[in-house]
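A.B. asks: First, the structure itself, so that you have it in front of you.
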Amino acid sequence: MAKRKTELTEKKIAEMEKEGRGQGKGENYKPWIYIQDFPSSGLVTRGKGWKTNRIHHFLSKLERDYFYVLEWNRSVVDIREQFPLNREDTLFIATNKGIKHPTDPKSQIPIVMTTDFLITVTTSAGTKHYARTIKPSKELENKRTIEKLEIERSYWEDRGVDWGIVTEKEMPRNLIENVEWLHSSYFGIEGLPTSALHTYAQQMKSFIKKYNTSIIEVVTEFDNTFQLENGMGLEILKYLIARREIRVDINQKIHTHLWVEDVFKLDFI
33 MAKRKTELTE KKIAEMEKEG RGQGKGENYK PWIYIQDFPS SGLVTRGKGW KTNRIHHFLS
93 KLERDYFYVL EWNRSVVDIR EQFPLNREDT LFIATNKGIK HPTDPKSQIP IVMTTDFLIT
153 VTTSAGTKHY ARTIKPSKEL ENKRTIEKLE IERSYWEDRG VDWGIVTEKE MPRNLIENVE
213 WLHSSYFGIE GLPTSALHTY AQQMKSFIKK YNTSIIEVVT EFDNTFQLEN GMGLEILKYL
273 IARREIRVDI NQKIHTHLWV EDVFKLDFI
């Protein structure tokens, strides 16, 4: 893990708790760790989360990649990253298992351990929570890493929460790259009023069905027809895909040089 910006103290932990870190749900959730705590390695979403309407904080690109997977999953209704574990409980687990509890390298006090993602999913039986830890596969060869993961696994097992590890090997690359490309267009397009966006979006649907050519040719023709700034048509198209108003196979890489009929499910437009 990257080095913390400042030394962790009991006073700092108390301040973080008072700030409401690790508390709340949805838009009101505050992660225990912000990228400001680890300025050299932190990542944030390029816009608000589709499901939470807030900025998300990640400590690695792999975490952000998994976030994109969750964003596209319709069953996921809430995503809480950097979720804190009760320190008394993790200390108890560590002692029982004979594992050294993680400590701050400077102050040497026991840290508040976190799980990368606590995910809320809706099912036919109701709401269910999943805890997921994101790790590069090579780190799973490290004995100390396994020890810390065992504390985390036991913690969630005691609470009856499904816990698991996700590595880069389980990441669907095409889906991740597609959602990353679409992500910032979900809530709208800068400089384009909502009413105009909705009007142009309906026009774009007609263009998609009318022109059997490449995607880039369609959006270029759209810009020319409506005298829009170059590239605006593509942003409108991305908005429609992100909103699932135009259906695609998200596991196939979307390239603008591909033909419309090879990317879009025209029967559902």
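Residue numbers for the sequence shown follow the numbering used here, beginning at 33 and rising by one. For glycine and all other residues, C-beta sits at the position ideal for the given N, C-alpha and C.
(1) To the nearest angstrom, how far is it from the Cα of Glu171 to the Cα of Ile282?
(2) Going by C-alpha to C-alpha distance, which of Leu117, Ala163 and Glu184 sits closest to Val144?
(3) For Gly223, tell me which candidate among Thr84, Gly263, Thr288 and His133 has the shortest Cα-Cα distance.
(4) Would you please state the rounded distance, in angstroms, between the beta carbons of Ile45 and Val108? I believe it to be under 8 Å.
(5) Just the C-alpha distance for Glu173 and Thr146, rounded to the nearest angstrom, thanks.
(6) I think Phe115 touches Gly58, with their Cβ atoms under 8 Å apart; what is that distance to the nearest whole Å?
(7) Return the bridge partner residues of Tyr162 from the DSSP annotation.
(8) CA-CA distance, Thr135 and Ile141?
(9) Spatial neighbours of Ala126 within its chain, please: CB distance less than 8 Å, with the 5 preceding and 5 following residues excluded, ordered by chain position.
(10) Should the segment 213-231 be regarded as contacting the segment 187-196, the criterion being three or more beta carbon pairs within less than 8 Å?
(11) Can you check which of these residues, Leu123, Lys167 and Phe239, is closest to Phe258 by C-alpha distance?
(12) With burial defined as no fewer than 16 other Cβ atoms inside 10 Å of the residue's Cβ, what is the status of Asn210: buried or exposed?
(13) Take Leu229 as the anchor and find which of Leu272, Ile247 and Glu253 has the nearest alpha-carbon.
C.D. replies: This is what the structure holds:
(1) Taking C-alpha positions only, Glu171 is separated from Ile282 by approximately 29 Å.
(2) Nearest of Leu117, Ala163 and Glu184 to Val144, Cα basis: Leu117.
(3) The shortest Cα separation from Gly223 among Thr84, Gly263, Thr288 and His133 belongs to Gly263.
(4) The pair is not a contact, with the Cβ atoms about 30 Å apart (cut-off 8 Å).
(5) Near 20 Å, if we compare the C-alpha coordinates of Thr146 and Glu173.
(6) Rounded to whole angstroms, the Cβ separation of Phe115 and Gly58 is 14 Å, and the two are not in contact under 8 Å.
(7) Bridge partners of Tyr162: Ile151 and Asp194.
(8) For Thr135 and Ile141, the distance between alpha carbons rounds to 5 Å.
(9) Taken in chain order, the residues that qualify are Lys132, His133 and Ile183.
(10) At 8 Å Cβ cutoff, the stretches do not touch.
(11) When Leu123, Lys167 and Phe239 are compared, the shortest CA-CA separation from Phe258 is found for Phe239.
(12) The residue is buried, with at least 16 neighbouring Cβ atoms inside 10 Å.
(13) For the options Leu272, Ile247 and Glu253, the alpha carbon positioned closest to that of Leu229 is the one of Leu272.
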